[in-house]
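Just so you know, the sequences run in chain order A and B.
Residue numbers for the first sequence follow the numbering used here, beginning at 200 and rising by one.
Residue numbers for the second sequence follow the numbering used here, beginning at 20 and rising by one.
Report on the following structure.
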Amino acid sequence: MKILVGYKRVVDYNVRIQVKPDGTGVVTDGVKLSANPFDDIALEEALRLREKGVATEVVVVGIGPADLTAHLRNGLAMGANRAIHVTTADAVQPLTAARVLLKLVEKEQPGLVLLGKQAIDDDANQTGQMLAALWDRPQATFASKVEIADGKATVTREVDAGLETIEVDLPAVVTSDLRLNEPRFIKLPDIMKAKSKPIDVVELASLGVDSGDHLKTTHYAAPAKRSKGVMVKDAAELVAALKQKGLL
Amino acid sequence: MSKILVIAEHLDGKLNPATARAVSAAQAVKPAAIDVLVLADNVAALAAEAAKIDGVSRVLTVERAENAHPLAAVLAPQVAKAAAGYSHVFAPSTTFGKDLAPRVAALLGVAQVSDVMSVEGAHTFKRPIYAGNAIVTVEADPAYTVVATIRTASWPVAASGANSAPVEALALDVALPSHTRYLGLQSGKSDRPDLQSASKVVSGGRGVGSKENFDVIFKLADKLGAAVGASRAAVDAGYVPSDLQVGQTGKIIAPELYMAIGISGAIQHLTGIKDAGTIVAINKDAEAPIFEVADFGLVGDLFKLIPELEQVL
């Protein structure tokens, strides 16, 4: 079985995001970029399935400008067999990303597509569900456990009410939640090895995909700040303060 | 004129209050009609509950055995069919809505606006990105149906009781897939208030130190009639189950009182509580970032301070 993994590059999660003073975007110049943490988890899960003998090949997919190659090399260094780089100068919105992934799915015929549940830049949480819908296949979002046997995946999902378990026929789309696994670190020899792994480059324009970028972001603002409150000296003073506010 | 379809969320025969929060957001669009769609295996009680919510014009029901559990692959084709004639489809931004809405949007061939915090116009919304570190204004193309999830912490529960909207059964001719099957739900059910909707929440973090020690958090919560939450660190350490996690990837909540105990206040955690009315922080580290957002801060050993707190309560 082949596994396709979405591998998005985002502003590193440790970076303190700054909104540009003119409201046209957030500051990304000179800012550290990394793999979307949920995509690292998705890739790790795919690698573990290959190590267990469930999967035979892991393919990472990225959509972005020419310099995305270096990022895809990280995915290869982590252990993916090969990469597909869909090139486009502009960032795409989830519906377009899902349509692009559908094209690759039709060509590659994977048994499983593993994506992060959301990217930590736009926090949209849409692409996996959209791909599953367009592909007319099952989705198992927010996965914290995946077991594969007999052409089916049994997936534990982190939902608001607790842990839900569903069974889906393969092929299917699974999106990773935080607790699915802990991604491995990339080792130096793996970086060397990754240099000889293949990256297919496909121009987005050549895929014949209708753009689904229907949303226009017109303004960026910093969030309203909570002001720093007061320090109380002991439990009695805290309770008195809360009582005064009518909270107790 | 706008016409909005709100997807009802429910569990164990009860409407999730997130539904009435999505109705509040729908009201902000000032539409000609707000219809609530109830998909269930047994719709009567749910529909009656939904019909009482202020601002609801009609309750539409689809009663099918396949709708017993919230499987997006099963529900989405029905919602997409029912969406014909509506300008907007809203679902709460809970795990239910996040799972379902994008599947509906893709079936309709439209983009989705996630986590709507405010409505600026029929097609203009504000939503958080980068874990709430930036707020964007987004304009949806009026040529398409707007599919949106509603950030529940940003919207009040619409009042209920005065309304009695008509209930109509929908006959949808949709073939449903059998490729997705529900096996079960393991829920950390308790007699305590529900974390998502409680007016008071007591949360513990890594500073609590162990699963056993977390009892002090539960005890304090019970004394206050509060729900219990936790930071990601506490969940990862196995102190409590994941459905108690508050923060960017857990629950985003807006209680009147939030007490963060032994929680340092990582940005991902703060994202989940920034709409809380009053935040109290108890932490032994005076430099912890949680104190930057706390209305009341108390520095010290939680194992000494909580018993003291219980005594004066």
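For every residue, glycine included, the Cβ atom is placed at its ideal position computed from N, Cα and C.
Can the beta-carbon of residue i be found less than 8 Å from the beta-carbon of residue j?
| i | j | result |
| --- | --- | --- |
| Asp238(A) | Gly263(A) | no |
| Ile365(A) | Leu90(B) | yes |
| His29(B) | Leu65(B) | yes |
| Ile464(A) | Leu313(A) | Residue 464(A) lies beyond the residue range present for chain A, which begins at 200 and ends at 447; the question has no answer from this structure. |
| Leu214(B) | Ile280(B) | no |
| Pro397(A) | Arg281(A) | yes |
| Asp335(A) | Lys351(A) | no |
| Leu242(A) | Met277(A) | yes |
| Lys22(B) | Gly104(B) | yes |
| Ile309(B) | Ala300(B) | yes |
| Thr268(B) | His418(A) | no |
| Ile319(A) | Ala150(B) | yes |
| Pro96(B) | Leu195(B) | yes |
| Leu332(B) | Val431(A) | no |
| Ala342(A) | Thr355(A) | yes |
| Thr80(B) | Leu191(B) | no |
| Val260(A) | Val285(A) | yes |
Less than 8 Å between the CB atoms is what I'm expecting for residue i and residue j, so what's the real figure, rounded?
| i | j | result |
| --- | --- | --- |
| Leu275(A) | Ala393(A) | 4 Å |
| Leu58(B) | Val25(B) | Wrong, their Cβ atoms sit about 12 Å apart, outside the cutoff. |
| Asp294(B) | Ala178(B) | Rounded, the Cβ-Cβ distance is 20 Å, inconsistent with contact. |
| Val220(B) | Ala253(B) | Not a contact, Cβ separation roughly 14 Å. |
| Ala69(B) | Ala41(B) | Not really, about 11 Å apart at Cβ, beyond 8 Å. |
| Thr164(B) | Val129(B) | 5 Å |
| Arg200(B) | Ala240(B) | Wrong, their Cβ atoms sit about 36 Å apart, outside the cutoff. |
| Ala273(B) | Ala421(A) | No, Ala273(B) and Ala421(A) are not in contact; Cβ-Cβ is about 20 Å, not under 8 Å. |
| Ser222(B) | Ser250(B) | 7 Å |
| Ala181(B) | Arg225(B) | Contact doesn't hold; Cβ gap of about 46 Å is too wide. |
Under a Cβ-count criterion, where at least 16 other Cβ atoms within 10 Å of its own Cβ denotes burial, should residue i be classed as buried or exposed?
| i | result |
| --- | --- |
| Lys33(B) | exposed |
| Phe115(B) | buried |
| Thr223(A) | exposed |
| Met329(A) | buried |
| Pro185(B) | exposed |
| Gln443(A) | exposed |
| Asp289(A) | exposed |
| Arg215(A) | exposed |
| Pro197(B) | A quick correction: the sequence has Ser, not Pro, at residue 197(B). When all chains shown are included, Ser197(B) counts as exposed. |
| Phe233(B) | buried |
| Ala235(A) | Ala is not the amino acid found at residue 235(A); the sequence shown has Asn there. It counts as buried. |
| Asn302(B) | buried |
| Asn61(B) | exposed |
| Lys415(A) | exposed |
| Gly407(A) | exposed |
| Asp304(B) | exposed |
| Leu202(B) | exposed |
DSSP on residue i, reduced to helix/strand/coil?
| i | result |
| --- | --- |
| Ile216(A) | coil |
| Ile385(A) | coil |
| Ala184(B) | coil |
| Thr286(A) | strand |
| Asp266(A) | coil |
| Met391(A) | helix |
| Arg281(A) | strand |
| Ser261(B) | helix |
| Pro326(B) | helix |
| Tyr277(B) | strand |
| Pro375(B) | Nothing about residue 375(B) can be read from this structure; chain B reaches only from 20 to 332. |
| His29(B) | strand |
| Met200(A) | coil |
| Gly327(A) | helix |
| His107(B) | strand |
| Ile72(B) | strand |
| Phe233(B) | coil |
| Leu447(A) | coil |
| Val42(B) | helix |
| Thr355(A) | strand |
| Ala276(A) | helix |
| Asp304(B) | coil |
| Gly248(B) | strand |
| Val438(A) | helix |
| Leu56(B) | strand |
| Arg77(B) | strand |
Which residues share a DSSP beta bridge with residue i?
| i | result |
| --- | --- |
| Gly229(A) | Gly229(A) pairs with nothing; no bridge assigned. |
| Tyr419(A) | Val155(B) |
| Gly203(B) | Thr364(A) |
| Pro147(B) | Ile154(B) |
| Gln131(B) | Val166(B) |
| Met430(A) | Gly316(B) |
| Val259(A) | Val204(A) and Ala282(A) |
(Q) Taking beta-carbon pairs under 8 Å, can you tell me which members of the segment 76–100 of chain B lie near chain C? (A) In the displayed structure, chain C is absent; the protein chains listed are A and B.
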